[in-house]
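Enquirer:
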Amino acid sequence: MPRPIRAYVRYVDAVNRVIGRAAMWLVFAMMGVLLFSTIWRSAFGISFIWIVEVSQMLLAAYYLLGAGYSLQLDAHVRMDLLYSRWSPRVKAIADVLTSVLVLFYMLVLLFGGISSTQYALEYGQKNYSSWAPPLAPIKIVMTIGIVFMLLQVVAVFFKDLAKARGETLE
Amino acid sequence: MSYEAIALLMFATMMMLLLTGQRFFGVIGFVASAFALMLWGVGGEEMPFNAAFILFNWYPLLTLPLFIYMGYMLSESGIADDLYRMFHVWFGPVRGGLAIGTIGLMVIIAAMNGLSVAGMAIGASVALPELLRRGYDKRMISGVIQAGSSLGILIPPSVVLVLYGLIARQPVGALWLAGVFPGLLLAGLFVAYVAIRCYVQPHLGPPLPPEERTVSWSEKIRLLGAGILPFLIFLSMSGLFLMGVTSLVESSAVGAAGATLAALFRRRLTRQVIEDTIRKTLAISCMFMWIILAALCFGAVFDGLGAVHGLRYLFLERWALDPWTILIMMQISYLIMGTFLDDTAMLVIVAPLYVPLVIALGFDPVWYGILYTITCQIAYMTPPFGYNLFLMRAMAPPEITLTDIYRSIVPFVGVMILGLAIIMVYPQIALWLPNIYYGR
Numbered sequence: 026m027p028r029p030i031r032a033y034v035r036y037v038d039a040v041n042r043v044i045g046r047a048a049m050w051l052v053f054a055m056m057g058v059l060l061f062s063t064i065w066r067s068a069f070g071i072s073f074i075w076i077v078e079v080s081q082m083l084l085a086a087y088y089l090l091g092a093g094y095s096l097q098l099d100a101h102v103r104m105d106l107l108y109s110r111w112s113p114r115v116k117a118i119a120d121v122l123t124s125v126l127v128l129f130y131m132l133v134l135l136f137g138g139i140s141s142t143q144y145a146l147e148y149g150q151k152n153y154s155s156w157a158p159p160l161a162p163i164k165i166v167m168t169i170g171i172v173f174m175l176l177q178v179v180a181v182f183f184k185d186l187a188k189a190r191g192e193t194l195e
Numbered sequence: 064m065s066y067e068a069i070a071l072l073m074f075a076t077m078m079m080l081l082l083t084g085q086r087f088f089g090v091i092g093f094v095a096s097a098f099a100l101m102l103w104g105v106g107g108e109e110m111p112f113n114a115a116f117i118l119f120n121w122y123p124l125l126t127l128p129l130f131i132y133m134g135y136m137l138s139e140s141g142i143a144d145d146l147y148r149m150f151h152v153w154f155g156p157v158r159g160g161l162a163i164g165t166i167g168l169m170v171i172i173a174a175m176n177g178l179s180v181a182g183m184a185i186g187a188s189v190a191l192p193e194l195l196r197r198g199y200d201k202r203m204i205s206g207v208i209q210a211g212s213s214l215g216i217l218i219p220p221s222v223v224l225v226l227y228g229l230i231a232r233q234p235v236g237a238l239w240l241a242g243v244f245p246g247l248l249l250a251g252l253f254v255a256y257v258a259i260r261c262y263v264q265p266h267l268g269p270p271l272p273p274e275e276r277t278v279s280w281s282e283k284i285r286l287l288g289a290g291i292l293p294f295l296i297f298l299s300m301s302g303l304f305l306m307g308v309t310s311l312v313e314s315s316a317v318g319a320a321g322a323t324l325a326a327l328f329r330r331r332l333t334r335q336v337i338e339d340t341i342r343k344t345l346a347i348s349c350m351f352m353w354i355i356l357a358a359l360c361f362g363a364v365f366d367g368l369g370a371v372h373g374l375r376y377l378f379l380e381r382w383a384l385d386p387w388t389i390l391i392m393m394q395i396s397y398l399i400m401g402t403f404l405d406d407t408a409m410l411v412i413v414a415p416l417y418v419p420l421v422i423a424l425g426f427d428p429v430w431y432g433i434l435y436t437i438t439c440q441i442a443y444m445t446p447p448f449g450y451n452l453f454l455m456r457a458m459a460p461p462e463i464t465l466t467d468i469y470r471s472i473v474p475f476v477g478v479m480i481l482g483l484a485i486i487m488v489y490p491q492i493a494l495w496l497p498n499i500y501y502g503r
C-alpha cells in the first residue's frame with residue numbers, strides 16, 4: 026500500500042481512538058444528570074426543564090462520536106450465514122466490495138447532517154419544548170461524529186483492501 | 064411499479080445484501096437511503112439524518128446504554144458468585160440440581176438486568192466451569208445457560224419491551240408487569256424439563272456426592288443472605304419505577320449506579336474494570352443505536368409506501384382470514400425471520416408492520432408484546448444468527464464445540480414454543496398483573 030494510505034489509516038485510527046475513548050465516559054454523564062434529577066425531585070420536589078433534553082443530547086453525542094471507535098472494535102454485527110464459512114481473504118474481498126454500500130449510506134447521512142445543521146444555524150432553530158434550547162450545537166456535534174465515522178469506514182476499507190491483496194497495513 | 068411491489072423489492076434487496084456479510088447498519092442504511100433517493104429524489108436525501116433526530120426525541124432510548132452498562136457492571140461485581148454458591152448448596156443434592164440452580168440464578172440476574180448479555184456472561188464464567196467439573200452433560204449445560212439467560216429480556220426490566228413500547232405506543236410499566244408471570248412460567252418449564260430429563264437419565268446431571276452435601280443449616284441460612292443485594296438492586300430499580308417514584312429512564316440510571324455501588328462494596332471496582340465496562344458499553348450501545356438509526360430510516364421509507372395498509376387489506380379483505388390464523392402466521396413468520404435476522408433489526412423493521420395489524424385485529428398490544436418478546440428469545444438462540452450463540456461460542460471453553468451449542472438448544476426451543484402456545488391460549492397469564500396494578 027502506498028505510504029499516504031498507510032499514514033491515513035494510522036492517523037484516522039489514532040484520532041478515532043482518542044475521540045471514542047473520550048466519548049465512552051459520557052455514560053457517566055448521562056447517569057449523573059439522571060441521578061441528579063431523581064434526587065432533586067424526590068428529596069426537594071423540584072424538577073428541572075432541561076433534564077430530558079440534556080440527557081438526549083448526551084446520548085446523541087455518545088453514540089455518534091463513539092461510532093468510529095466502535096467500528097475499530099469491530100462491534101457491529103453481521104449476518105454470518107455464509108460469511109463465517111469464508112476464509113479471511115474472501116471475507117476481506119467481500120468487505121471491500123460491499124464497503125461501497127456503507128460509504129454511500131454514510132455520505133447521504135453526512136449530506137443530510139450538513140443541510141440540517143445549516144438550516145438550524147440560519148434560522149436559529151430551537152427545540153420544540155418549554156426549555157427550547159438552540160439545536161445547532163448538538164447538530165454540529167452529530168455531524169462531526171458522522172464525519173469521523175465516515176473517515177473510519179474509509180480506513181477500514183483500506184485495511185480490508187490490503188488484506189484482500191495479502192498485505193498488512195501495520 | 065406498484066408501491067407494494069417496491070416494498071417487496073426493498074425487502075428482497077436488503078436480504079440479498081445482508082447475505083454478503085456486510086454490517087447490518089450499513090446494509091439497512093444503504094437500502095433505505097438508496098430507495099429514498101430513487102423514490103423521492105430531492106428531499107429524500109434528508110431521511111437518514113432525520114432518523115437521527117427521531118432517535119434524539121425517543122427519550123426512553125436512554126435506558127439502552129444504561130442497562131448495558133449495568134449488565135456488564137453486575138457481571139464484573141462478582142455478585143453472582145455468592146448467589147451461585149447459595150443455589151449450589153440448596154439444590155446440589157437433587158439430580159440435575161446444579162442445572163436447576165443455574166436457572167434460578169438466571170431468573171435473579173434477569174430481574175436485575177434488561178438484556179441477556181449479563182446472564183450469558185455470568186452463566187459462562189461462573190456456572191459453566193463448575194457444571195463441567197461436576198460431570199454434567201455439556202449439551203445440557205450449554206442449553207440451560209442459553210435458555211436461562213434469554214429470560215433477561217422477558218423478566219422486568221427489559222430493554223426489548225422498552226423498544227416494543229416505543230413502537231407500539233404502550234406504557235412500559237404495563238409491559239414490564241406483563242412479563243413477570245410468563246417469565247416465571249418459562250423458568251418453571253425449563254426446571255421441569257431439566258428435572259424430568261435428569262431423573263430419567265441420571266448421568267446427564269449427577270447429584271453432589273454425599274460428603275459435599277453436609278452443609279450445616281446455619282451455613283445454609285447464611286447463604287440465603289446472598290439474595291439481599293440483588294433484591295435491593297431490583298427494588299431500587301424496577302420497584303421504584305413501578306411505584307411511580309422514578310421515571311423509566313431515571314430508574315435505569317438508579318440501577319446502573321446501584322450496580323456500580325455493588326461492585327464498589329465488593330471491592331471489585333478497579334480502574335481496569337471501569338474502563339473495560341465502559342468500553343464494552345460503548346461498543347454494544349453503538350452497535351444497537353446504529354442499527355436502530357438505519358432501521359428507522361428504512362421504516363420511514365416503508366411507511367411512505369403505505370405497505371402496512373396494503374398488507375392489512377390483503378389479509379383481512381382479500382384473503383378473508385380470521386384473526387387467529389393471521390396471528391399464528393405472524394408468529395411463525397417471526398420465528399423464521401428470527402432465525403436469520405438480528406432481533407434488533409427485526410424489532411425496528413418488522414414490528415412497525417405487525418403491531419398496527421395486531422391492534423387492527425382486536426388483540427391486546429400488551430399481550431402481543433409478550434408473545435413478541437418470547438419469539439425474540441427464541442430468535443436469540445436459534446442458528447445461524449443469534450446473539451446468545453455468538454456469546455456462548457466466545458465465552459465457552461474449547462471442549463464445547465459449535466455443534467454442541469447448536470444441538471443443545473433444540474429441547475429448550477421446544478419448551479419455549481410450548482410456553483408461547485400456553486400464553487397464546489391463556490392471555491391472562493400475561494395480562495393479570497398489569498390489569499390489577501393499573502386497574503384496566
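Taken in sequence, the protein lines are chains A and B. Mapping of the first sequence onto this note's numbering: position 94 corresponds to residue 119, and the numbering continues sequentially without gaps. Mapping of the second sequence onto this note's numbering: position 170 corresponds to residue 233, and the numbering continues sequentially without gaps. C-beta atoms are modelled at their ideal positions from N, C-alpha and C, and glycine is treated no differently. Since we're looking at a predicted model, the values are computed, not measured.
Decide if Arg86/B is buried, meaning its Cβ has at least 16 other Cβ atoms within 10 Å, or exposed.
Expert: As a working note, residue 86/B is residue 23 in the second sequence. By the neighbour-count rule (16 or more Cβ atoms within 10 Å), Arg86/B is buried.
Enquirer: Residues of chain A with CB under 9 Å from Cys439/B, in chain order?
Expert: The residue labelled residue 439/B in the question sits at position 376 within the second sequence. None at all; the shortest Cβ gap to chain A is about 15 Å.
Enquirer: What is the DSSP secondary structure of Pro386/B, reduced to helix, strand or coil?
Expert: Taking the first residue of the second sequence as position 1, residue 386/B is located at position 323. Pro386/B falls in the helix class under three-state DSSP.
Enquirer: Can you tell me whether Pro234/B is helix, strand or coil according to DSSP?
Expert: Taking the first residue of the second sequence as 1, we reach residue 234/B at position 171. Correct three-state label for Pro234/B: coil.
Enquirer: For a contact meaning CB atoms closer than 9 Å, what does Asp38/A contact in chain B?
Expert: Within the first sequence, the letter at position 13 stands for residue 38/A. By Cβ distance, chain B contributes nothing, its closest Cβ being about 16 Å from Asp38/A, past 9 Å.
Enquirer: May I ask you to report which of helix, strand or coil DSSP gives Pro158/A?
Expert: Taking the first residue of the first sequence as 1, we reach residue 158/A at position 133. In this structure, Pro158/A counts as coil in the three-state DSSP scheme.
Enquirer: What residues of chain A sit near Gly502/B, judged by a beta carbon separation below 8 Å?
Expert: Along the second sequence, read from residue 1 onward, the residue named residue 502/B stands at position 439. Within 8 Å Cβ-Cβ: nothing; Gly502/B doesn't reach chain A, min ~24 Å.
Enquirer: Figure out for me which residue from Ala180/A, Gly70/A, Pro162/A and Arg114/A has the closest Cα to the Cα of Ile139/A.
Expert: Mapped onto the first sequence, residue 139/A falls at position 114. It is Pro162/A whose Cα lies nearest to the Cα of Ile139/A.
Enquirer: Who pairs with Arg86/B in a beta bridge, going by DSSP?
Expert: In the second sequence, counting from the first residue as 1, residue 86/B sits at position 23. Its beta-bridge partners are Arg103/A.
Enquirer: Out of Lys116/A, Tyr94/A and Ser95/A, state which residue places its alpha-carbon closest to the alpha-carbon of Met104/A.
Expert: Here the question's residue 104/A lines up with position 79 in the first sequence. That would be Lys116/A, whose Cα lies nearest to the Cα of Met104/A.
Enquirer: What does DSSP give as the partner residue(s) for Lys151/A in the beta ladder?
Expert: Within the first sequence, numbered from 1, the residue matching residue 151/A stands at position 126. According to DSSP, Lys151/A bridges with Pro159/A.
Enquirer: Should the stretch 340-347 of chain B be regarded as contacting the stretch 84-99 of chain A, the criterion being three or more beta carbon pairs within less than 8 Å?
Expert: Yes: the two stretches touch, three or more of their Cβ pairs being nearer than 8 Å.
Enquirer: Less than 7 Å between CB atoms is the rule here; does Tyr212/B satisfy it with respect to chain A?
Expert: Walking along the second sequence from the start, residue 212/B turns up at place 149. The question names Tyr, yet the displayed sequence has Ser at residue 212/B. No, Ser212/B does not count as interfacial toward chain A.
Enquirer: Counting only Cβ pairs nearer than 8 Å, list the residues of chain B close to Trp156/A.
Expert: As a first step, residue 156/A must be located in the first sequence, where it is residue number 131. Correct list: empty, because the minimum Cβ distance to chain B is about 14 Å.
Enquirer: Which of the three DSSP states is assigned to Val308/B in this structure?
Expert: Position 245 of the second sequence, counted from the start, is the residue given in the question as residue 308/B. Note: Val308/B maps to coil in three-state DSSP.
Enquirer: Kindly say whether Leu186/A, judged by its beta-carbon, lies nearer than 7 Å to any beta-carbon of chain B.
Expert: Your numbering for residue 186/A matches position 161 in the first sequence. For Leu186/A, the answer is no, since every Cβ of chain B falls outside 7 Å of its Cβ.
Enquirer: Within 7 Å of any Cβ in chain B, is that where the Cβ of Arg42/A sits?
Expert: Reading the first sequence from its first residue, position 17 is the one you call residue 42/A. With 7 Å as the cut-off, Arg42/A does not count as an interface residue toward chain B.
Enquirer: Taking only the alpha-carbon atoms, compute the straight-line gap between Met444/B and Gly215/B and give it to the nearest angstrom.
Expert: Your numbering for residue 444/B matches position 381 in the second sequence. Your numbering for residue 215/B matches position 152 in the second sequence. C-alpha separation (whole angstroms): 13 Å.
Enquirer: Any beta carbon from chain A within less than 7 Å of Glu73/B's own beta carbon?
Expert: Here the question's residue 73/B lines up with position 10 in the second sequence. Position check: residue 73/B holds Met in this sequence, whereas Glu was assumed. Taking Cβ atoms only, chain A never reaches closer than 7 Å to Met73/B, which makes this a no.
Enquirer: Roughly how many angstroms separate the alpha carbons of Met79/B and Val37/A, rounded to a whole number?
Expert: On the second sequence, position 16 is the one that residue 79/B refers to. On the first sequence, position 12 is the one that residue 37/A refers to. So the two alpha carbons sit approximately 31 Å from each other.
Enquirer: Going by Cα to Cα distance, which pick from Pro265/B, Leu125/B, Gly290/B and Gly104/B is closest to Met149/B?
Expert: Stepping through the second sequence from its first residue, residue 149/B is reached at position 86. Selected option, being the one with the closest Cα: Gly290/B.
Enquirer: Return the first residue and the last residue of the alpha helix (DSSP H) that Glu380/B is part of.
Expert: For the purposes of this step, residue 380/B is identified with residue 317 of the second sequence, where counting begins at 1. Careful: Glu380/B lies outside any alpha helix (DSSP H) and carries neither H nor E.
Enquirer: Taking the C-alpha atoms as reference points, what is the distance between Gln209/B and Gly477/B?
Expert: Working through the second sequence from its first residue, we reach residue 209/B at position 146. Working through the second sequence from its first residue, we reach residue 477/B at position 414. So the alpha carbons of these two residues sit roughly 14 Å apart.
Enquirer: Would Met350/B count as contacting chain A if we go by Cβ distances under 7 Å?
Expert: Sequence index remark: in the second sequence, residue 350/B carries index 287 (1-based). Yes, Met350/B lies at the interface with chain A (some Cβ there is under 7 Å from its Cβ).
Enquirer: Going by Cα to Cα distance, which pick from Tyr199/B, Val243/B, Ser205/B and Leu303/B is closest to Pro505/B?
Expert: Here chain B comprises residues numbered 64 to 503, so residue 505/B is not present and cannot be evaluated.
Enquirer: Given this structure, state the Cα-to-Cα distance separating Ser198/A from Phe304/B, to the nearest angstrom.
Expert: Nothing in the structure corresponds to residue 198/A, since chain A is present only between 26 and 195.
Enquirer: When the Cα atoms are used, what is the spatial distance from Val364/B to Phe378/B?
Expert: On the second sequence, position 301 is the one that residue 364/B refers to. On the second sequence, position 315 is the one that residue 378/B refers to. So the alpha carbons of these two residues sit roughly 22 Å apart.
Enquirer: At least one CB of chain A closer than 7 Å to the CB of Thr83/B: is that the case?
Expert: What you label residue 83/B is simply residue 20 of the second sequence in a count that begins at 1. At least one chain A Cβ lies under 7 Å of Thr83/B.
Enquirer: What does the Cβ neighbour count give for Gly206/B, buried or exposed, with the cut at 16 atoms within 10 Å?
Expert: In the second sequence, the residue the question calls residue 206/B occupies position 143. Per the 10 Å Cβ criterion, buried.
Enquirer: Do Leu217/B and Gly251/B count as a contact pair if the criterion is CB distance below 7 Å?
Expert: Numbered from its first residue, the second sequence carries residue 251/B at position 188. Numbered from its first residue, the second sequence carries residue 217/B at position 154. No.
Enquirer: Mark Leu122/A as exposed unless 16 or more other C-beta atoms lie within 10 angstroms of its C-beta, in which case mark it buried.
Expert: Locating residue 122/A in the first sequence gives position 97, counting from the first residue. Its Cβ having fewer than 16 others within 10 Å, Leu122/A is exposed.
Enquirer: With 16 as the cutoff for other CB atoms within 10 Å, does Gly13/B come out buried or exposed?
Expert: One cannot answer for residue 13/B here, as it falls past the ends of chain B, which runs 64 to 503.
Enquirer: Is any beta-carbon of chain B found at less than 7 Å from that of Ala100/A?
Expert: One-based indexing of the first sequence puts residue 100/A at position 75. It does: the Cβ of Ala100/A has a partner Cβ on chain B nearer than 7 Å.
Enquirer: At a CB-CB cut-off below 9 Å, which residues of chain B make contact with Lys116/A?
Expert: Walking along the first sequence from the start, residue 116/A turns up at place 91. The answer, in chain order, is Gly84.
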